[in-house]
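> First the structure, then my questions, so here it is.
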Amino acid sequence: MKLEILSPDKRIYSGDADALQLPGKDGLFGILKNHAPMISSLKKGMVKVSVNGKDELFEINGGVVEVQSNKVIVLAE
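Just so you know, we're using the working numbering here: the sequence shown kicks off at 15 and counts up by one.
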């Protein structure tokens with residue numbers, strides 16, 4: 015799936031991802047390919063992006079995630 019992590023001043027990540035773990039308001043949740051469309055608010059924490067068996071971590075201070083048609087956009091604070 016395609017993933018973009020954006021902050022107000024820069025693009026933090028843009029590329030493919032096999033799996034994603036996000037800090038939701040009610041706890042951690044994951045997103046995989048073909049996930050149902052959704053919008054969710056995020057709290058401060060780490061975003062874990064898995065690509066080809068390797069994980070990358072990005073710290074955010076909250077934000078919003080939108081998932082639609084194998085494209086994920088994270089608008090991070």
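Glycine included, each C-beta is placed from N, C-alpha and C at the ideal position.
#1: Give me the DSSP bridge partner(s) of I52.
#2: From the DSSP output, read off the bridge partner residues of M60.
#3: Counting pairs of Cβ atoms below 8 Å between the stretch 68-77 and the stretch 39-59, do you hit three or more?
#4: I'd like the list of long-range same chain contacts for G44, defined as Cβ closer than 8 Å, with 5 residues on each side in sequence excluded.
In brief:
#1: The question names Ile, yet the displayed sequence has Met at residue 52. DSSP output for M52 lists V81 as bridge partner(s).
#2: E73
#3: yes
#4: Excluding sequence neighbours, G44 sits near A33, L34, Q35 and L36.
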